[in-house]
Ligand SMILES: [Zn+2]
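In this note's numbering, the protein residues as written are 159 to 568.
In structure tokens form, the structure reads like this:
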């Protein structure tokens with residue numbers, strides 16, 4: 159039998175293992191915030207990884223890092239790293255986050271039981287991303303059971319806090335060189351779609367300053383709300399300009415291939431009806447395509463505000479709240495080709511390499527220059543929503559894709 163057929167047969171025979179492990183993961187509510195159950199779930203994962211013959215290591219994110227990001231430091235943020243050291247030159251790093259978002263809305267089943275119904279396993283985190291963690295472990299376990307000899311080392315990490323940005327989980331591990339990676343694999347698209355990067359983001363706040371006065375004698379003040387209207391109108395014109403750019407990368411929805419800029423998601427101002435408002439501020443959410451960079455995106459906004467200030471006489475101040483560049487991996491990179499031909503094998507259709515609108519922990523690797531892809535097991539697209547579930551069949555298929563990706567790498 160060829161490599162793929164052996165892998166396929168082995169994985170198809172381990173459906174009950176996949177169901178069981180995913181259930182056990184769902185039954186530990188690793189809800190974030192606040193970030194609970196981390197010790198418990200990493201203990202379970204560590205046991206599982208040791209069982210399949212990997213060496214493991216727990217690394218706790220230091221409290222100083224948690225403090226820096228204003229994260230509750232009473233709850234330990236545990237990172238688990240596991241190695242299948244093959245004495246090879248290069249290492250594939252596979253990462254999964256085990257934290258889940260809080261339960262909101264209207265669940266028809268218990269979110270932390272792991273109910274199995276019609277081939278779907280329900281629970282908070284089933285799709286994002288405990289089912290996929292099962293696929294990752296199943297893939298490595300399968301290769302080991304079959305005595306397959308990949309030409310790369312494999313390192314796995316299971317990390318917290320992706321749902322609050324990842325700076326205190328995988329982001330920290332990557333920044334501090336706690337992991338080994340020549341290639342990366344993390345969550346992303348599913349089926350025949352593979353993600354190869356994501357758009358960038360810049361959050362800013364524009365403060366418009368005026369001078370307060372009683373509304374009965376408005377000529378004594380300067381209205382900051384009027385200033386805001388001028389600024390917002392000028393920025394709307396900028397938005398028309400930036401929307402003329404289009405990324406060369408393919409995306410699921412063609413409408414996502416342009417930069418975007420949302421104004422006014424947050425608004426703040428003086429709160430009095432009979433006053434000339436002295437201070438109004440509004441937010442900007444700017445999304446960047448890989449062909450753009452953060453500093454020129456910032457400069458574009460500053461220039462608009464400057465000329466608006468010149469024309470209107472109003473004063474503006476821009477503050478960056480958060481920013482992260484777009485990341486994209488060349489579709490011809492070895493990891494893209496390895497994952498692509500794995501997908502082709504499993505689904506017998508042409509793989510699609512796509513850029514995602516939003517980012518995952520994968521961006522930390524790509525930012526560091528490590529070519530990486532994102533790929534996940536399929537659910538009902540109700541992640542972060544009610545009645546989240548994962549298809550058992552997809553956990554198995556995804557494990558096949560992962561296992562084949564490992565075998566395709568050099
Ligand atoms: Zn996720």
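C-beta atoms are modelled at their ideal positions from N, C-alpha and C, and glycine is treated no differently.
| Item | Value |
| --- | --- |
| Where the alpha helix (DSSP H) through residue 322 begins and ends | Residue 322 -> no alpha helix (DSSP H), and no H or E assigned at all. |
| Residue 317 and residue 255 closer than 8 Å at C-beta | yes |
| Exposure of residue 288, with buried meaning 16 or more beta-carbon neighbours within 10 Å | buried |
| Cβ-Cβ separation, residue 188 to residue 194 (assumed contact under 8 Å), whole Å | 7 Å |
| Candidates 421, 405 and 422, of which the one nearest residue 414 by Cα | 405 |
| Residue 508 beta carbon near ligand 1 (any heavy atom closer than 7 Å) | no |
| Neighbour-count burial assignment, residue 296, 16 or more Cβ in a 10 Å radius | buried |
| Residue 392 versus residue 540 - alpha carbon distance | 38 Å |
| The region 335 to 342 touching the region 353 to 369, judged by at least three CB pairs closer than 8 Å | no |
| Residues that DSSP places opposite residue 481 in a beta bridge | 360 |
| Under the three-state DSSP convention, the category residue 339 falls into | coil |
| Pair within 8 Å by beta-carbon distance, residue 522 and residue 294 | no |
| Candidates 290, 456, 385 and 418: closest to residue 532 by CA position | 290 |
| Residue 348 beta carbon near ligand 1 (any heavy atom closer than 7 Å) | no |
| Buried or exposed by the 16-neighbour rule on C-beta atoms within 10 Å, applied to residue 300 | buried |
| Collapsed DSSP secondary structure at residue 516 in the structure displayed | coil |
| CB of residue 309 within 8 Å of CB of residue 567, strictly | yes |
| Status (buried if at least 16 other CB within 10 Å, exposed otherwise) for residue 180 | buried |
| Cβ-based neighbour list, residue 551, same chain, cut-off 8 Å, excluding 5 preceding and 5 following | 277 |
| Check whether residue 513 and residue 486 have beta carbons under 8 Å apart | yes |
| Candidates 253, 319 and 538, of which the one nearest residue 313 by Cα | 253 |
| Test item: CB-CB of residue 382 and residue 436 under 8 Å | yes |
| First through last residue of the beta strand (DSSP E) which encompasses residue 278 | 278 to 280 |
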